[in-house]
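Right, one structure below, let's go through it.
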Amino acid sequence: MKTILHVITQEMENAFRDCGYEASYGKVTLSNRPDLCEYQCNGAMAAAKAYKKKPIEIAQAVVEKLKESSVFEDVNAVMPGFINLKIDASFLADYMNRMCSENKFGMDEVEKPETVIVDYGGANVAKPLHVGHLRAAVIGEAIKRMGRFVGHKTIGDVHLGDWGLQMGLIIEELKDRQPDLPYFDEAYTGEYPKEAPFTISELEEIYPAASAKSKVDEVFKERAQEATFKLQKGYAPYRALWNHIMNVSLADLKKNYANLNVEFDLWKGESDAEPYIPGMVQKLIDDGLAHESQGALVVDVAEEGDTKEIPPCIIRKSDGASLYATSDLATIVEREQDFKPDHYVYVVDKRQDLHFTQVFRVAKKAGIVPQERKLDFVGFGTMNGRDGKPFKTREGGVMRLEDLIAQITDAAYDRIMENRTVSEEEARETARLVGIAALKYGDLSNQATKDYVFDLDRFVSFEGNTGPYILYTIARINSILKKYEELGGQVSGGAILPPEGEPEKTLMLALARFSEVMHTSFEELAPHKICAYIYELSNALNHFYHETKIIAEENKERQAGYIRLVTLTRDVLTSSIHLLGFEAPERM
Ligand code: ARG
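Start counting the sequence shown at 1; every next residue gets the next number (full-length UniProt numbering).
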């Protein structure tokens, strides 16, 4: 079904054409003066220049042509040549009823579905998930769901940091603590134990200890580098240990991501790209793209017109080790082989901007991807505390994601208990849903590139632009529907009637924009646009609710129409929050 903007624009373009002007002047936008009109067209101004006429004359002629239109209730030409539009009530009601009956509320999927890889999460194995990883998971998950919803074949890949120095550090620390393990006995020829020699809590303690040690103990650091090198060359005992680290850590990561409603299709990591490195590097050399610079192998990526210096991309260090960029490039080689994605989306901290600029340029320059491949970097800002500095625990340490979730869930629980009418069990489950919504909406409602302040009290508030407010609106609708049913009404019957008052029409106009918002949000990789939309929709619903006696309405047909309308609103809200990665409780 055509988007409402499409229908209006077509109507307008026809009118311009019928008046003898180029149809494209009939472009329509949402009104920026909602007090005067609902949509507007400024095309007469541009047409005036091209046709050397007064804008108001063109506008008036076009308005005249639209007198009979069934789409508009009111079309006005105003000085110096704006065309103000109001949508016809019957047309709008008809549009609502079609939204109710069609799949995805009548949103057409994209005409050309693409394969999209969303690279997000990026957790580092054996290190606890901390709030720095929160944004990658939350934003990436939303973008993945949005892409899938509009019809793209969308694949989410966690791209674990599972291959770096942290592995060597853990191995050497373990050797110091448990030197008798068979992995450290070079003469050992038997099978390695199935059980890991550590638990997740031990592992989480081992890494920071080893990392701290390497900063003060140069010999230890060299040992760790050596161990990393051996592991990467395939040394069997370290491979076996690595497998243990991976298994123990992955189980924990999966649990943590699941608590956040974050699901990956692929659990690949930097290590999976390893086999593609030698061939790729050789090709860069053969093609004359990579050259030696101070012992290292680099590819120049500076381009004419760069406003800041883009240094060469280092592919191999002088000691032969490959780097982060090498691993990302090899991953692209692998993804081209496995999926040939049309579009890559990386959701990573914006401080990695330069890294991705370099990687994308090498990928295109070297023909690892064709020129037309879409490579997007969604760089996000930092989550700060109320002091404006990166978020920390009260003691000043790095906050673990688990603890953060617990904190916000507790705050939501307290808020729910203020007017407790539900069982303890239900309150706990509701608090969990509200907490996740508060956390995710608090993040997603900001433009991703911006830093934002984690404000617990504001995030869990049921009022204002918050996740709980959206959930509260859904719960309010559920309670209206329940009451209606208790009084003998049938929620599924009824048709939406033409709106009678401003609140009802405002609500319908907001609903009508659903499919446009879905497409634009994905095209711009901007989940905050969905947040802005559902906030506006919730406001419209609550305004309508306050101005309308739904349950006391005596005209049964009108009442059934209201019920249909609020049901549609609830369903649109529910689908939208699902795309953002959180769910609503039945009641609050
Ligand atoms: N593990 C990396 C980090 O913690 C993030 C990975 C991002 N994804 C990528 N393809 N480089 O910084």
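Glycine included, C-beta positions come from ideal geometry on N, C-alpha and C.
For residue 435, does the three-state DSSP call read helix, strand or coil? One-based indexing of the sequence shown puts residue 435 at position 435. Reduced to three states, the DSSP call for residue 435 is helix.
Determine the DSSP secondary structure at residue 578, reduced to helix, strand or coil. If you number the sequence shown from 1, residue 578 lands on position 578. In this structure, residue 578 counts as helix in the three-state DSSP scheme.
If you measure from each CB to the nearest heavy atom of ligand 1 and keep those under 6 Å, what residues do you get, in chain order? 119, 122, 124, 159, 161, 328, 346 and 348
Beta-carbon proximity check, residue 297 vs residue 315, cutoff 7 Å: Mapped onto the sequence shown, residue 297 falls at position 297. Mapped onto the sequence shown, residue 315 falls at position 315. Yes, Cβ-Cβ distance for residue 297 and residue 315 is below 7 Å.
Compare the Cα-Cα distances from residue 310 to each of 337, 285, 360 and 265 and report the closest residue. One-based indexing of the sequence shown puts residue 310 at position 310. Among 337, 285, 360 and 265, the Cα nearest to that of residue 310 belongs to 360.
Short of 7 Å in beta carbon distance, which residues of its chain neighbour residue 432, apart from the five on each side in sequence? Order them along the chain. Looking up residue 432 in the sequence shown gives position 432. So the qualifying residues of the chain are 409.
Hey, would you say residue 347 sits closer than 7 Å to residue 249, going by beta carbons? Numbered from its first residue, the sequence shown carries residue 347 at position 347. Numbered from its first residue, the sequence shown carries residue 249 at position 249. Against a cut-off of 7 Å, the Cβ pair of residue 249 and residue 347 comes out as no contact.
Got a sec? Which residues, its chain only, sit under 7 Å from residue 242 by beta carbon, not counting five neighbours each side? Taking the first residue of the sequence shown as 1, we reach residue 242 at position 242. Excluding positions up to five away in sequence, the list reads 167 and 231.
Is residue 346 helix, strand or coil when you go by DSSP? In the sequence shown, the residue the question calls residue 346 occupies position 346. DSSP places residue 346 in strand when its eight states are reduced to three.
Say whether the segment 392-403 touches the segment 550-558, bearing in mind that this needs 3 or more beta-carbon pairs closer than 8 Å, one atom from each stretch. no
Secondary structure, alpha helix (DSSP H): runs of 4+ residues fully inside the segment 237-316: 270-273 and 277-286
Residues in the same chain with beta-carbon distance under 8 Å from residue 143, minus the five sequence neighbours each way, listed in chain order, please. Working through the sequence shown from its first residue, we reach residue 143 at position 143. Closer than 8 Å at Cβ, skipping near neighbours: 118, 120, 345, 347, 378, 522, 525 and 527.
So the candidates are 115, 286 and 531; which of them puts its Cα closest to the Cα of residue 374? Mapped onto the sequence shown, residue 374 falls at position 374. Residue 115 is the option with its Cα nearest to residue 374.
If residue 192 and residue 208 are in contact, beta carbons under 8 Å, what's the gap, nearest whole angstrom? The residue you call residue 192 lines up with position 192 of the sequence shown. The residue you call residue 208 lines up with position 208 of the sequence shown. Not really, about 26 Å apart at Cβ, beyond 8 Å.
Taking 8 Å as the threshold, find out whether the segment 530-549 comes into contact with the segment 505-512 through three or more Cβ pairs. yes
Drop a sphere of 10 angstroms on the beta-carbon of residue 599, count the other beta-carbons inside from all chains shown, and report buried for 16 or more, exposed for fewer. As displayed, the chain neither begins before 1 nor continues past 588, which places residue 599 out of reach and without an answer.
Selection from 162, 369, 177 and 223 that minimises the alpha carbon distance to residue 239: As a position in the sequence shown, residue 239 is number 239, starting the count at 1. Looking at the Cα atoms, 162 is the closest of the given residues.
Going by DSSP, which residues form a beta bridge with residue 587? In the sequence shown, counting from the first residue as 1, residue 587 sits at position 587. Answer is none; residue 587 lacks a bridge partner.
So who's on the other strand from residue 383, going by DSSP bridges? Mapped onto the sequence shown, residue 383 falls at position 383. Paired residues: 452.
If you draw a straight line from the C-alpha of residue 335 to the C-alpha of residue 262, how long is it? Residue mapping note: residue 335 aligns to position 335 of the sequence shown, counting from 1. Residue mapping note: residue 262 aligns to position 262 of the sequence shown, counting from 1. Between residue 335 and residue 262, the C-alpha separation is close to 21 Å.
Would you identify the three-state DSSP class for residue 40, choosing helix, strand or coil? Locating residue 40 in the sequence shown gives position 40, where the first residue counts as 1. If DSSP states are grouped into helix, strand and coil, residue 40 belongs with the strands.
Measuring CB to CB, does residue 473 end up less than 7 Å from residue 576? Residue mapping note: residue 473 aligns to position 473 of the sequence shown, counting from 1. Residue mapping note: residue 576 aligns to position 576 of the sequence shown, counting from 1. For residue 473 and residue 576, no; Cβs fall outside 7 Å.
Less than 7 Å between the beta carbons of residue 542 and residue 453, yes or no? By 1-based counting over the sequence shown, the position of residue 542 is 542. By 1-based counting over the sequence shown, the position of residue 453 is 453. Cβ atoms of residue 542 and residue 453: not closer than 7 Å.
Three or more C-beta pairs below 8 Å linking the segment 89-103 and the segment 212-222: no
Note the first and the last residue of the continuous alpha helix (DSSP H) segment covering residue 7. Position 7 of the sequence shown holds residue 7. Note, residue 7: alpha helix (DSSP H), 4-18.
Mapping the DSSP letters down to three states, classify residue 58 as helix, strand or coil. Locating residue 58 in the sequence shown gives position 58, counting from the first residue. Residue state, collapsed to three classes: helix.
Which residues does DSSP pair with residue 589 in a beta bridge? Lying outside 1 to 588, the shown extent of the chain, residue 589 is not represented and no answer is given.
Beta-carbon gap between residue 74 and residue 86 smaller than 7 Å: As a working mapping, residue 74 is identified with position 74 in the sequence shown. As a working mapping, residue 86 is identified with position 86 in the sequence shown. Taking 7 Å as the Cβ cut-off, residue 74 and residue 86 qualify as a contacting pair.
Where do the ends of the beta strand (DSSP E) carrying residue 86 lie? Position 86 of the sequence shown, counting from 1, holds the residue named residue 86. 82-87 is the extent of the beta strand (DSSP E) around residue 86.
Length at least 4, wholly inside the UniProt domain "DALR anticodon binding" (470-588): the alpha helix (DSSP H) runs in chain order: 502-512, 514-523, 527-547 and 556-580
Rounded to whole angstroms, what's the CA-CA distance from residue 451 to residue 23? Just pull it up for me. Mapped onto the sequence shown, residue 451 falls at position 451. Mapped onto the sequence shown, residue 23 falls at position 23. Answer to the nearest angstrom: the Cα atoms are 43 Å apart.
In the DSSP output, which residue or residues are listed as bridge partners for residue 156? Residue mapping note: residue 156 aligns to position 156 of the sequence shown, counting from 1. BP columns for residue 156 point to 118.
Would you identify the three-state DSSP class for residue 97, choosing helix, strand or coil? Looking up residue 97 in the sequence shown gives position 97. Looking at residue 97 - three-state DSSP - the assignment turns out to be helix.
Pair within 7 Å by beta-carbon distance, residue 59 and residue 81: In the sequence shown, counting from the first residue as 1, residue 59 sits at position 59. In the sequence shown, counting from the first residue as 1, residue 81 sits at position 81. Closer than 7 Å, so yes.
If I'm right that residue 355 touches residue 321 with Cβ under 8 Å, what's the distance once you round it to whole angstroms? The residue you call residue 355 lines up with position 355 of the sequence shown. The residue you call residue 321 lines up with position 321 of the sequence shown. At roughly 17 Å, the Cβ-Cβ gap does not stay under 8 Å, so residue 355 and residue 321 are not in contact.
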